[in-house]
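Asks: Note that the sequence shown covers residues 49 to 400 in the working numbering. We put the CB at the ideal spot given by N, CA and C, even for glycine.
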Amino acid sequence: MSTKAAAYAAQTATSPLAHASIDRRDVGPHDVQIDILFCGVCHSDLHTARGEWQGVVHPVVPGHEIVGRVTKVGAEVKKVKVGDMGAVGCMVDSCGSCPSCARSEEIYCDKGDVTFTYNTPDKHFPGKMTYGGYSKSIVVTERFVCRVPAGMDLAATAPLLCAGITTYSPLKHWGAGPGKKVGIVGLGGLGHMGVKFAHAFGAHTVLFTTSPSKVEDGKRLGADEVVVSKNQAEMDKHVASFDFILNTVAVSHNLDAFVNLLNTNGTMCLVGAPATPHPSPAIFPLLMKRRSIAGSAIGGIKETQEMLEFCAKKKIVSDIEIIPIQKINEAYERMLKSDVKYRFVIDMASLS
Ligand SMILES: [Zn+2]
Ligand SMILES: [Zn+2]
Numbered sequence: 049m050s051t052k053a054a055a056y057a058a059q060t061a062t063s064p065l066a067h068a069s070i071d072r073r074d075v076g077p078h079d080v081q082i083d084i085l086f087c088g089v090c091h092s093d094l095h096t097a098r099g100e101w102q103g104v105v106h107p108v109v110p111g112h113e114i115v116g117r118v119t120k121v122g123a124e125v126k127k128v129k130v131g132d133m134g135a136v137g138c139m140v141d142s143c144g145s146c147p148s149c150a151r152s153e154e155i156y157c158d159k160g161d162v163t164f165t166y167n168t169p170d171k172h173f174p175g176k177m178t179y180g181g182y183s184k185s186i187v188v189t190e191r192f193v194c195r196v197p198a199g200m201d202l203a204a205t206a207p208l209l210c211a212g213i214t215t216y217s218p219l220k221h222w223g224a225g226p227g228k229k230v231g232i233v234g235l236g237g238l239g240h241m242g243v244k245f246a247h248a249f250g251a252h253t254v255l256f257t258t259s260p261s262k263v264e265d266g267k268r269l270g271a272d273e274v275v276v277s278k279n280q281a282e283m284d285k286h287v288a289s290f291d292f293i294l295n296t297v298a299v300s301h302n303l304d305a306f307v308n309l310l311n312t313n314g315t316m317c318l319v320g321a322p323a324t325p326h327p328s329p330a331i332f333p334l335l336m337k338r339r340s341i342a343g344s345a346i347g348g349i350k351e352t353q354e355m356l357e358f359c360a361k362k363k364i365v366s367d368i369e370i371i372p373i374q375k376i377n378e379a380y381e382r383m384l385k386s387d388v389k390y391r392f393v394i395d396m397a398s399l400s
């Protein structure tokens, strides 16, 4: 059994997103049904809709930065009730029993059994792929629903579910805080959240950008210093001085320029996923200061909830541009040109 929901889907890798009708499963005992109010637009949406990543099955309904109102809950659900504001990020299920899942680090599920919010076979709906948030509603197992704290700007909260947690989690893990010098590379959807969080955690925050035009905005968002990374003299001033660098850039680039800025035992964490690999880093700069290059993926559900509470307390949300869903194809083209400050969010009231 299922119900129909209006959505926007890419029917093939080359067709633009267009109106579609999709099936949503019935609400089971542990399920939560959410009427989607806002959905953020992530680069992953575009890559998947256009079949640029492996294993894409069309039609694709993207969207994994979802905020909406809970409209129905199963008999066993305790986390939320009808009328609450709920949020769903990049995952909608995992094995639930391995050590990583037990720690609520579901994205690192030891069995690799993560059901992503879109384009993954749906174990609760045999024969179907998961469909994401470019839709009027979604049904998600309770464990993967977060509560939106009261008083938050719902549209600007949506991007926290991917761009937010993807930067919050590594900054927490590597101890960004008072007395630490933290670099954020790139000022896009992820980078602007990285700057806000590093600043809110009390770290000395330095933004690296290739665009001199972003210097003022970087400071407004909370950076103590902004370095134009193409300017070698500016880069040289920071050699061997960073405790941690969060690199959000999703295009292939030379990592050595940033490795050289890490202090002894410093780490650079990559969260961008380029289509072609970065050139292999030089090894001696790593050896001689015991530096690390690391990676991090999104964050677990418990930490996502913690992030939302932190954001509510510190009044942190994303900087967004709200669009009707009819503008989504145009928004993708603008996103490719980095012509957005700093995240598009779809107002789902525009979808009928
Ligand atoms: Zn995303
Ligand atoms: Zn697991």
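When you compare only the Cα positions, how much space is there between H172 and F192?
Replies: Residue mapping note: residue 172 aligns to position 124 of the sequence shown, counting from 1. Residue mapping note: residue 192 aligns to position 144 of the sequence shown, counting from 1. Cα-Cα distance, rounded: 14 Å.
Asks: Enumerated in chain order, which unbroken segments of the alpha helix (DSSP H) with a length of 4 residues or greater are wholly contained in the region 221-262?
Replies: As far as the region 221-262 is concerned, its whole alpha helix (DSSP H) runs of at least 4 residues are 237-248.
Asks: In three-state terms, what does DSSP make of M283?
Replies: Residue mapping note: residue 283 aligns to position 235 of the sequence shown, counting from 1. Note: M283 maps to helix in three-state DSSP.
Asks: List the DSSP bridge partners of Q81.
Replies: In the sequence shown, the residue the question calls residue 81 occupies position 33. K120 and V187, per the DSSP bridge assignment.
Asks: Would you identify the three-state DSSP class for K267, choosing helix, strand or coil?
Replies: For the purposes of this step, residue 267 is taken as the residue at position 219 of the sequence shown. Three-state DSSP puts K267 in a helix.
Asks: What number of angstroms, rounded off, separates the C-alpha of S366 from the C-alpha of R391?
Replies: What you label residue 366 is simply residue 318 of the sequence shown in a count that begins at 1. What you label residue 391 is simply residue 343 of the sequence shown in a count that begins at 1. Near 7 Å, if we compare the C-alpha coordinates of R391 and S366.
Asks: Please report the residue range of the alpha helix (DSSP H) in which I376 lies.
Replies: For this step, residue 376 is matched to residue 328 along the sequence shown. It spans I376 to L384 - the alpha helix (DSSP H) in which I376 sits, taken as one unbroken run.
Asks: When you measure from the CB of S92 to every non-hydrogen atom of ligand 1, does any distance come out below 7 Å?
Replies: Looking up residue 92 in the sequence shown gives position 44. Yes, the Cβ of S92 comes within 7 Å of a heavy atom of ligand 1.
Asks: Just to confirm, does C359 get its C-beta within under 7 Å of one of the non-hydrogen atoms of ligand 2?
Replies: Indexing the sequence shown from 1 puts residue 359 at position 311. No, since every heavy atom of ligand 2 falls outside the 7 Å radius drawn around the Cβ of C359.
Asks: Could I get the ranges of all uninterrupted beta strand (DSSP E) runs contained in the region 135-209, with 3 residues as the minimum, in chain order?
Replies: Here the runs fully enclosed are 139-141 and 185-189.
Asks: Below 7 Å, is the gap between the Cβ of S145 and the nearest heavy atom of ligand 2?
Replies: For the purposes of this step, residue 145 is taken as residue 97 along the sequence shown, with counting starting at 1. At least one heavy atom of ligand 2 is nearer than 7 Å to the Cβ of S145, so yes.
Asks: Are there any heavy atoms of ligand 2 lying less than 7 Å away from the beta-carbon of K159, as far as the coordinates show?
Replies: In the sequence shown, residue 159 corresponds to position 111, counting from 1. Yes.
Asks: What are the uninterrupted segments assigned as alpha helix (DSSP H) that are 4 or more residues long and contained completely in the region 310-350, given in chain order?
Replies: The qualifying runs are 332-335.
Asks: Hey, A271 and L255 are a contact pair by Cβ (cut 8 Å); roughly how many whole angstroms apart?
Replies: Taking the sequence shown and counting its residues from 1, the one referred to as residue 271 is at position 223. Taking the sequence shown and counting its residues from 1, the one referred to as residue 255 is at position 207. That pair is a contact at about 4 Å.
Asks: Output needed for D161: all residues of its chain with C-beta closer than 7 Å, excluding positions within five of it in sequence on either side, in chain order.
Replies: Working through the sequence shown from its first residue, we reach residue 161 at position 113. Cβ within range, chain order: S142 and C143.
Asks: For L309 and S289, which I take to be in contact (beta-carbon distance under 8 Å), what is that distance rounded to the nearest angstrom?
Replies: Taking the first residue of the sequence shown as position 1, residue 309 is located at position 261. Taking the first residue of the sequence shown as position 1, residue 289 is located at position 241. Their Cβ separation, rounded to whole angstroms, is 6 Å, which keeps L309 and S289 in contact under 8 Å.
Asks: Only counting the same chain, and skipping five residues up and downstream in sequence, which positions put a Cβ closer than 6 Å to that of K278?
Replies: Locating residue 278 in the sequence shown gives position 230, counting from the first residue. Once the five neighbours on either side are set aside, the close Cβ partners of K278 are T258.
Asks: For a test of the three-state rule: what should DSSP assign to I213, helix, strand or coil?
Replies: By 1-based counting over the sequence shown, the position of residue 213 is 165. It is helical.
Asks: Look up C90 in the DSSP assignment and say whether it is helix, strand or coil.
Replies: Stepping through the sequence shown from its first residue, residue 90 is reached at position 42. Here C90 sits in coil by DSSP.
Asks: As a quick exercise: from E190, W222 and V136, pick the residue whose alpha carbon is nearest that of Y182.
Replies: Within the sequence shown, numbered from 1, the residue matching residue 182 stands at position 134. Closest by alpha carbon: V136.
Asks: Note down, in chain order, each residue of its chain lying with its Cβ closer than 6 Å to the Cβ of G237, except the 5 sequence neighbours on either side.
Replies: Counting from one through the sequence shown, the residue named residue 237 turns up at place 189. A211, Y390 and R391, listed in sequence order.
Asks: Please list, in chain order, all residues of the same chain as G314 whose beta carbon is under 6 Å from its beta carbon, the five residues on each side excluded.
Replies: Mapped onto the sequence shown, residue 314 falls at position 266. Result list for G314: F290, D291 and R339, in chain order.
Asks: Going by DSSP, what residues sit across from I70 in a beta bridge?
Replies: Position 22 of the sequence shown, counted from the start, is the residue given in the question as residue 70. DSSP lists A53 as partners of I70.
Asks: With 16 other CB atoms within 10 Å as the buried threshold, where does H286 fall?
Replies: For this step, residue 286 is matched to residue 238 along the sequence shown. Its Cβ being crowded by 16 or more others within 10 Å, H286 is buried.
Asks: In angstroms with no decimal places, state the Cα-to-Cα distance between K28 and D79.
Replies: For the chain, the structure presents residues 49 to 400; residue 28 sits outside this window and is missing.
Asks: In three-state DSSP terms, what is P218?
Replies: Position 170 of the sequence shown, counting from 1, holds the residue named residue 218. If DSSP states are grouped into helix, strand and coil, P218 belongs with the helices.
Asks: Taking three-plus beta-carbon pairs below 8 Å as touching, is the region 96-115 in contact with the region 219-233?
Replies: With a cut-off of 8 Å, the region 219-233 and the region 96-115 do not count as touching, because too few Cβ pairs lie within range.
Asks: Note the first and the last residue of the continuous alpha helix (DSSP H) segment covering V307.
Replies: Here residue 307 refers to the residue found at position 259 when the sequence shown is read from its first residue. Note, V307: alpha helix (DSSP H), D304 to V307.
Asks: Would E153 and G343 be called neighbours here (beta carbons separated by less than 8 Å)?
Replies: For this step, residue 153 is matched to residue 105 along the sequence shown. For this step, residue 343 is matched to residue 295 along the sequence shown. Taking 8 Å as the Cβ cut-off, E153 and G343 do not qualify as a contacting pair.
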